[in-house]
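Participant: Take this structure first; my questions come after.
Protein chains in written order, with my numbering: chain A, 5 to 159; chain B, 12 to 918.
Written as structure tokens, this is what we have:
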């Protein structure tokens with residue numbers, strides 16, 4: 005694939021992610037720089053349920069589907085498109101991945117590894133707070149009218 | 012060991028001492044003949060005395076006449092009649108002959124003495140180490156390694172030099188001195204008695220004064236030994252010293268010790284020279300007495316002047332030997348003190364019987380007799396009992412978990428089974444015999460003991476792994492005649508010094524005593540692989556192999572196969588549709604996953620010790636860049652990179668962990684770029700220094716587009732770099748030729764690791780799963796292509812460093828367990844061998860180990876002291892210790908039913 009998206013474009017995209025929208029662009033550039041740019045072919049897994057959660061993914065291009073594995077079958081619970089972040093729970097708590105994420109189309113993503121993330125926010129209480137706040141909003145949002153980032157298809 | 016060094020020397024070198032003494036006496040004959048000859052030459056042929064009065068006179072040469080006493084037979088030779096000139100030449104010839112003979116005698120005697128001394132030194136060193144190997148464990152715990160090694164190495168050293176002179180010197184010098192004294196007495200009884208009296212004073216006083224010297228010598232030796240011990244301690248405890256900031260305390264301690272040593276040594280000097288002064292004074296006093304008293308009597312007329320002169324002349328020969336004799340005595344006392352000091356350390360109250368360690372090539376019969384403890388009480392260093400009256404029996408084939416509730420009873424019993432701790436009362440028995448009375452050849456093979464503090468010797472992983480199989484050389488080498496010359500010499504010399512005659516380079520690995528024993532040639536490798544698998548060390552060994560460098564010259568077959576595997580892997584990845592996760596090296600195209608520099612070089616560079624290779628390389632690269640018109644392009648590119656890097660990193664505090672993510676840029680570099688960029692902005696047209704330009708270009712050299720994503724690497728630059736590769740090789744300086752090895756898909760590169768050679772490309776940055784995917788396929792290929800064993804072997808050639816320090820502690824523990832598993836034994840005692848290991852991993856390893864051992868045909872028993880009590884469910888039987896006594900003993904199920912200590916432990 006021809007590489008068109010540069011670091012600066014990534015930063016622009018990151019700013020559209022609710023978690024990071026209020027964070028200093030300079031820090032976002034650092035975050036983007038220290039993260040890996042990864043790509044997946046359709047059908048490839050970004051992570052799978054029960055894995056050690058090591059990174060969050062910000063989708064830059066394409067779409068990913070989220071599944072949960074219950075009673076022997078994968079049930080699709082949502083989709084994540086451009087500018088959305090998935091697997092971000094690992095940034096806050098250490099737990100296993102709760103869902104499986106699979107590329108629906110060709111996916112370009114920024115892989116924010118947990119330990120780099122901690123190193124970046126270590127001296128940035130601002131990011132820390134922003135993230136907690138967004139998370140809290142998310143939780144409240146999901147309680148009342150579903151998450152604002154993935155459309156729930158669970159019936 | 013004998014109490015006195017002289018006796019020790021005499022006992023071990025008696026025939027040789029007598030031989031060298033007789034040679035010395037024999038050498039006296041030509042020596043004294045040579046003394047007399049110059050006088051004969053001068054008086055006879057030169058001055059014309061002794062029958063050469065008239066010009067034509069001749070004299071007999073070599074005439075002699077000897078009458079055998081009692082029998083009255085006369086042997087006589089009339090000699091040759093020689094003229095004066097002929098006689099001069101003949102006598103000079105004899106003189107030359109005597110010079111040669113004397114020289115040869117001296118040469119032979121010195122050599123012989125040297126040989127004698129070195130052999131004795133070898134013997135005594137060997138004996139000390141032999142004793143060390145026979146120390147009981149309690150004594151061994153008090154020994155400081157560095158002190159003992161300094162004793163064996165340095166303190167015994169002077170014994171060798173002394174040995175040759177030990178008996179020859181006093182015999183010879185004593186004889187000379189006595190002869191001189193008798194000669195004086197013969198000249199004049201009274202003056203002779205005066206001389207004898209003075210000698211007696213000298214011989215009496217000087218050694219008394221030297222007593223202080225000896226005392227100081229002893230102190231010097233002990234303080235020096237402690238110093239060696241302390242230095243050893245510093246080396247071993249360096250981490251603790253650093254972490255607790257006690258370097259200055261250690262400095263003070265060393266300084267204090269050195270001060271003491273200085274004080275002792277200085278006093279030693281003072282005494283030495285005082286003694287010397289007194290000695291010289293006394294020996295000069297005698298002539299004074301001769302002159303004054305003798306002169307007085309001569310004046311009075313009661314003494315003949317001729318006699319006085321004769322006495323004074325004769326006295327000249329006395330002080331020389333006497334002084335040397337006293338020096339010899341000093342040397343004797345010196346080495347005696349050293350000897351006593353060393354001996355003291357090597358005479359513990361108890362020493363293992365040598366019979367216990369007799370080498371035996373025979374495998375002990377695998378007795379199924381029980382290993383048992385009968386009323387065993389074990390004390391720790393302070394004398395407190397850690398077990399009390401413990402009795403237990405381990406039957407054949409049983410697996411037993413031992414657990415401590417409180418105290419270390421289980422560990423102590425395991426140590427007693429392993430022969431490391433000796434019971435203070437009670438007995439440990441194997442079959443009918445007491446364990447401590449059985450030879451180590453039996454217990455050391457019937458029983459395998461492993462704990463977390465097992466030691467590793469300097470060498471490769473393999474050496475350490477098979478260490479437990481080296482009981483005896485597989486080919487007995489008792490017949491010195493059947494050996495090669497150097498080996499025969501080695502055996503003879505070893506015998507002369509009472510050393511071991513076995514060759515350490517022989518094949519010591521006992522292939523019959525491997526745990527997998529099916530009689531096939533691959534028993535050893537199967538045991539090794541099985542043991543490594545059981546302790547989960549295989550992947551780490553493989554990792555070591557992948558990191559290693561192989562020289563294709565040493566290993567042509569293997570490296571060829573690796574190149575084959577390179578292509579196979581490429582094909583296999585393409586077949587799986589993931590060929591794009593590796594960017595292969597291709598001479599005609601730019602590798603986007605590699606740095607600009609790597610793309611230019613298109614080669615693996617060898618680590619060299621040549622001091623300036625890297626500098627030369629850097630300069631040469633700049634040169635090539637300039638010729639290829641790339642320098643300015645890369646400079647411009649570097650400026651953009653610098654701008655970005657500064658923007659990203661400038662705000663971070665210098666200790667920020669993210670700096671470690673930048674491989675080739677340091678914090679100082681960032682500061683430099685920042686300043687540089689600011690300066691440029693202020694004065695746009697300024698002249699840029701060459702060194703600054705290079706620094707900026709260097710930034711471009713380490714740029715990887717997918718990693719940095721600054722979008723500065725244009726197609727043009729990439730094409731130009733590819734084109735510049737030829738240029739780079741065209742004028743490669745000599746200094747770099749050896750260092751740089753060009754990528755060639757059909758050749759193995761000795762300058763690259765095994766992994767790089769297999770992959771022959773760069774993993775893409777864009778797929779985080781790439782390493783895992785590759786590993787899976789590569790592992791399969793390795794097995795399919797039959798390279799697995801070779802790679803493992805390569806990994807096993809890894810050097811573990813001094814006491815295994817190049818391994819991590821966990822690796823060491825696993826290796827220690829694997830080393831135990833390789834051995835075929837009836838009893839395996841594992842004393843908390845895996846501390847600090849993940850619970851899950853521990854469980855897996857315990858399971859693997861039990862399975863591995865139970866697969867063997869000899870039905871071994873396993874005793875495992877567990878730190879993780881829940882693992883006890885995997886064992887037939889569980890023994891729970893509490894404060895040194897057994898409180899519960901039974902199967903896991905029964906103990907789990909009872910509401911005893913065990914349940915509280917497991918719950």
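Backbone N, C-alpha and C define an ideal beta-carbon position, used for all residues, glycine too.
Considering only the alpha carbon of each residue, which of 708/B, 585/B, 113/B lies closest to residue 40/B?
Facilitator: For the purposes of this step, residue 40/B is identified with residue 29 of the second chain, where counting begins at 1. It is 113/B.
Participant: Is the Cβ of residue 559/B closer than 9 angstroms to any Cβ of chain A?
Facilitator: For the purposes of this step, residue 559/B is taken as residue 548 along the second chain, with counting starting at 1. No, because no Cβ of chain A sits closer than 9 angstroms to the Cβ of residue 559/B.
Participant: If contacts are defined as beta-carbon pairs under 8 angstroms, then residue 602/B and residue 787/B qualify, I think. What distance do you get, rounded to the angstrom?
Facilitator: Within the second chain, numbered from 1, the residue matching residue 602/B stands at position 591. Within the second chain, numbered from 1, the residue matching residue 787/B stands at position 776. No, residue 602/B and residue 787/B are not in contact; Cβ-Cβ is about 24 angstroms, not under 8 angstroms.
Participant: Just to confirm before moving on: does the CB-CB distance between residue 538/B and residue 525/B stay below 9 angstroms?
Facilitator: Your numbering for residue 538/B matches position 527 in the second chain. Your numbering for residue 525/B matches position 514 in the second chain. Cβ distance < 9 angstroms, so residue 538/B and residue 525/B count as in contact.
Participant: Which two residues bound the contiguous alpha helix (DSSP H) that contains residue 554/B?
Facilitator: Translated into positions along the second chain, residue 554/B becomes position 543. It spans 549-557 - the alpha helix (DSSP H) in which residue 554/B sits, taken as one unbroken run.
Participant: Applying a beta-carbon distance threshold of less than 7 angstroms, which residues of chain A neighbour residue 846/B?
Facilitator: Looking up residue 846/B in the second chain gives position 835. Correct list: empty, because the minimum Cβ distance to chain A is about 25 angstroms.
Participant: Identify the residues that DSSP records as bridge partners of residue 675/B: which are they?
Facilitator: The sequence position of residue 675/B within the second chain is 664, counting from 1. Bridge partners of residue 675/B: none, in fact.
Participant: For residue 326/B, does the count of other Cβ atoms within 10 angstroms reach 16, so buried, or fall short, so exposed?
Facilitator: Looking up residue 326/B in the second chain gives position 315. Buried, since its Cβ has 16 or more Cβ neighbours within 10 Å.
Participant: Compile a chain-ordered list of the residues in the stretch 712-731 of chain B whose CB is closer than 8 angstroms to at least one CB of chain A.
Facilitator: 716, 717, 719, 720, 721, 722
Participant: For chain B, find out if any of its Cβ atoms is closer than 9 angstroms to the Cβ of residue 133/A; answer yes or no.
Facilitator: In the first chain, residue 133/A corresponds to position 129, counting from 1. Output row for residue 133/A: interface = no.
Participant: Counting only beta-carbon atoms, is residue 7/A nearer than 9 angstroms to chain B?
Facilitator: As a first step, residue 7/A must be located in the first chain, where it is residue number 3. Annotation note: pLDDT 46 at residue 7/A (below 50); position unreliable, no value reported.
Participant: Select from the stretch 672-690 of chain B all residues with a C-beta closer than 8 angstroms to any C-beta belonging to chain A, and list them in chain order.
Facilitator: Legend: CB atoms of the stretch 672-690 of chain B lying less than 8 angstroms from CB atoms of chain A belong to residues 672.
Participant: Determine the direct distance from the alpha carbon of residue 873/B to that of residue 408/B, and round the result to whole angstroms.
Facilitator: For the purposes of this step, residue 408/B is identified with residue 397 of the second chain, where counting begins at 1. For the purposes of this step, residue 873/B is identified with residue 862 of the second chain, where counting begins at 1. The alpha-carbon atoms of residue 408/B and residue 873/B are separated by roughly 7 angstroms.
Participant: Assuming residue 763/B contacts residue 641/B (C-beta within less than 8 angstroms), just tell me the rounded distance between them.
Facilitator: In the second chain, residue 763/B corresponds to position 752, counting from 1. In the second chain, residue 641/B corresponds to position 630, counting from 1. Actually they do not touch by this definition, with Cβ atoms about 25 angstroms apart.
Participant: Going by other Cβ atoms of all chains shown within 10 Å of its Cβ, with 16 needed for buried, is residue 871/B buried or exposed?
Facilitator: The count along the second chain starts at 1 and reaches residue 871/B at position 860. The residue is buried, with at least 16 neighbouring Cβ atoms inside 10 Å.
Participant: Tell me the start and end of each unbroken alpha helix (DSSP H) in the stretch 251-308 of chain B that is at least 4 residues and wholly inside, in chain order.
Facilitator: 258-300
Participant: Decide yes or no for the touch test of the stretch 17-28 of chain A against the stretch 133-146 of chain A: beta carbon pairs closer than 8 angstroms, at least 3 of them.
Facilitator: yes
Participant: If you measure between the beta carbons of residue 608/B and residue 713/B, is that distance less than 9 angstroms?
Facilitator: Translated into positions along the second chain, residue 608/B becomes position 597. Translated into positions along the second chain, residue 713/B becomes position 702. In this structure, residue 713/B lies closer than 9 angstroms to residue 608/B by Cβ.
Participant: Out of 875/B, 528/B, 554/B, 497/B, which has the shortest C-alpha to C-alpha gap to residue 869/B?
Facilitator: Here residue 869/B is taken as the residue at index 858 of the second chain, counted from 1. For residue 869/B, the nearest C-alpha among the options comes from 528/B.
Participant: Using DSSP's beta-bridge definition, name the partner residues of residue 396/B.
Facilitator: Along the second chain, one-based indexing puts residue 396/B at 385. Its beta-bridge partners are 390/B.
Participant: Does DSSP put residue 101/B in a helix, in a strand, or in coil?
Facilitator: Stepping through the second chain from its first residue, residue 101/B is reached at position 90. Residue 101/B: helix per DSSP, three-state reduction.
Participant: Which residues of chain B have a Cβ atom closer than 9 angstroms to the Cβ of residue 130/A, listed in chain order?
Facilitator: On the first chain, residue 130/A is found 126 positions in, with the first residue counted as 1. Chain B residues near residue 130/A: none, gap ~13 angstroms exceeds 9 angstroms.
Participant: Give every residue of the same chain whose Cβ lies closer than 7 angstroms to the Cβ of residue 71/A, excluding the five residues on either side of it in the sequence, and list them in chain order.
Facilitator: Position 67 of the first chain, counted from the first residue, corresponds to residue 71/A. Taken in chain order, the residues that qualify are 78, 79, 80, 81, 103, 104, 106.
Participant: If you draw a straight line from the alpha carbon of residue 895/B to that of residue 48/A, how long is it in whole angstroms?
Facilitator: Taking the second chain and counting its residues from 1, one reaches residue 895/B at position 884. Taking the first chain and counting its residues from 1, one reaches residue 48/A at position 44. Going from the Cα of residue 895/B to the Cα of residue 48/A covers about 59 angstroms.
Participant: Using a Cβ cut-off of 8 angstroms, pull out every chain B residue sitting near residue 124/A, in sequence order please.
Facilitator: The residue given as residue 124/A occupies position 120 in the first chain. Within chain B, the residues near residue 124/A are 669.
Participant: Within the same chain, show all residues whose beta-carbon is closer than 8 angstroms to that of residue 661/B, passing over the 5 residues directly before and after it, in chain order.
Facilitator: For the purposes of this step, residue 661/B is taken as residue 650 along the second chain, with counting starting at 1. So the qualifying residues of the chain are 681, 685.
Participant: Any Cβ of chain A within less than 9 angstroms of the Cβ of residue 804/B?
Facilitator: Locating residue 804/B in the second chain gives position 793, counting from the first residue. Chain A contact via Cβ: absent.
Participant: Please list, in chain order, the chain A residues whose beta carbon lies closer than 8 angstroms to that of residue 659/B.
Facilitator: Within the second chain, the letter at position 648 stands for residue 659/B. Chain A residues near residue 659/B: 30, 33, 34, 37.
Participant: Which chain A residues sit within Cβ distance under 7 angstroms of residue 895/B?
Facilitator: Working through the second chain from its first residue, we reach residue 895/B at position 884. Under the 7 angstroms cutoff, chain A gives no residues; its nearest Cβ is about 42 angstroms from residue 895/B.
Participant: Please classify residue 402/B: does DSSP put it in a helix, a strand, or coil?
Facilitator: The residue you call residue 402/B lines up with position 391 of the second chain. In this structure, residue 402/B counts as strand in the three-state DSSP scheme.
Participant: Taking residue 879/B and residue 862/B to be in contact with their CB atoms under 8 angstroms, please state how far apart those CB atoms are, rounded to whole angstroms.
Facilitator: Start at 1 with the first residue of the second chain, and residue 879/B comes out as number 868. Start at 1 with the first residue of the second chain, and residue 862/B comes out as number 851. About 18 angstroms separates the two Cβ atoms, so there is no contact after all.
Participant: Considering only residues of the stretch 73-144 of chain B, which uninterrupted beta strand (DSSP E) runs meet the minimum length of 3 residues and lie entirely inside it, listed in chain order?
Facilitator: 75-78, 85-88, 91-93
Participant: Taking only three categories from DSSP, how would you classify residue 53/A?
Facilitator: What you label residue 53/A is simply residue 49 of the first chain in a count that begins at 1. Here residue 53/A sits in coil by DSSP.
Participant: With DSSP collapsed to three states, give me the class of residue 562/B.
Facilitator: Taking the first residue of the second chain as position 1, residue 562/B is located at position 551. Three-state DSSP puts residue 562/B in coil, outside helix and strand.
Participant: Relative to the alpha-carbon of residue 757/B, which residue among 900/B, 102/B, 719/B, 598/B has its alpha-carbon at the smallest distance?
Facilitator: For the purposes of this step, residue 757/B is taken as the residue at position 746 of the second chain. If we check each option's Cα against that of residue 757/B, 598/B comes out closest.
Participant: Could you compute how far the alpha carbon of residue 781/B sits from the alpha carbon of residue 139/B?
Facilitator: Here residue 781/B refers to the residue found at position 770 when the second chain is read from its first residue. Here residue 139/B refers to the residue found at position 128 when the second chain is read from its first residue. Cα atoms of residue 781/B and residue 139/B: separation of roughly 58 angstroms, rounded to the nearest angstrom.
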